[in-house]
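Heads up: the sequence shown is residues 71 to 137, going by my numbering. Cβ coordinates follow ideal geometry from the N, Cα and C atoms, glycine included. Please read these numbers as outputs of a predicted model, since none were measured by experiment.
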Amino acid sequence: MTEAQTLAYVRAAAVAVGLPLDEAQAARVAMHLQRTAGLAATLEAIPLAPHDEPAELFRPAPFDQPR
Numbered sequence: 071m072t073e074a075q076t077l078a079y080v081r082a083a084a085v086a087v088g089l090p091l092d093e094a095q096a097a098r099v100a101m102h103l104q105r106t107a108g109l110a111a112t113l114e115a116i117p118l119a120p121h122d123e124p125a126e127l128f129r130p131a132p133f134d135q136p137r
């Protein structure tokens, strides 16, 4: 997204959740969102195969059975 699109998104999202932001606050949030998106894009650009980052399997703890 461009800087203008990010700022428009921040303004719209703030309205949608009822968060009052003045222009300076909206600009700061947009700047941080742009930075975060840039970091995410850098990480997504790294080619990883499934074995490079194995995910843990979620296994809930067994519940004691009533006797």
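For residue j and residue i, believed in contact at Cβ under 8 Å, the rounded distance
{"i": "residue 96", "j": "residue 77", "result": "6 Å"}
Test item: CB-CB of residue i and residue j under 9 Å
{"i": "residue 73", "j": "residue 100", "result": "yes"}
{"i": "residue 115", "j": "residue 71", "result": "no"}
{"i": "residue 82", "j": "residue 89", "result": "no"}
Residue i classed as buried or exposed, judged by whether at least 16 other C-beta atoms fall within 10 angstroms
{"i": "residue 85", "result": "exposed"}
{"i": "residue 80", "result": "buried"}
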